[in-house]
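In the working numbering, the protein residues as written are 183 to 279.
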């Protein structure tokens, strides 16, 4: 039998998703700050080259940071709610032999 996940409870799930959204809001602020800072460093070191380089750098850094923070936030959500512990390990009997 598969154990119930703590995320099956609507109250705990709402709290977990609110925490996830709060993490993403903070990471959005960090990402915007990092993109602006990196564009400033690029401008200071290279001057005004092609605008396409700055657009590509901003999109690359921003997308990478947001994707990384979303995936890490999901890991925190899964681990922090106990969802990771609610699994059915079919190989547990073999490991205990």
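C-beta atoms are modelled at their ideal positions from N, C-alpha and C, and glycine is treated no differently. Predicted model only: the values in this text are computed from it and were never measured.
Alpha carbon to alpha carbon, how far is residue j from residue i? Give it in angstroms, no decimals.
i, j, result
"residue 215", "residue 256", "22 Å"
"residue 194", "residue 202", "12 Å"
"residue 240", "residue 278", "51 Å"
"residue 222", "residue 275", "58 Å"
Are any of the Cβ atoms in chain D nearer than 8 Å to that of residue i?
i, result
"residue 216", "Looking at the structure shown, chain D is missing, and only one protein chain is on hand."
Cβ-heavy atom distance between residue i and the ligand ADP below 7 Å?
i, result
"residue 239", "No copy of the ligand ADP appears in this structure; indeed no ligand is present at all."
Measuring CA to CA, which of the options is closest to residue i?
i, options, result
"residue 236", "224, 245, 193, 269", "224"
"residue 204", "279, 258, 269, 278", "258"
"residue 190", "230, 234, 264", "264"
Apart from the five residues on each side of it in sequence, which residues of its chain come closer than 6 Å, Cβ to Cβ, to residue i?
i, result
"residue 251", "209"
Please return the same chain residues whose Cβ sits closer than 8 Å to the Cβ of residue i, not counting the five positions on each side in sequence.
i, result
"residue 262", "198, 201"
By Cβ distance, which residues of its chain are closer than 7 Å to residue i, with the 5 residues on each side in sequence left out?
i, result
"residue 220", "239, 243"
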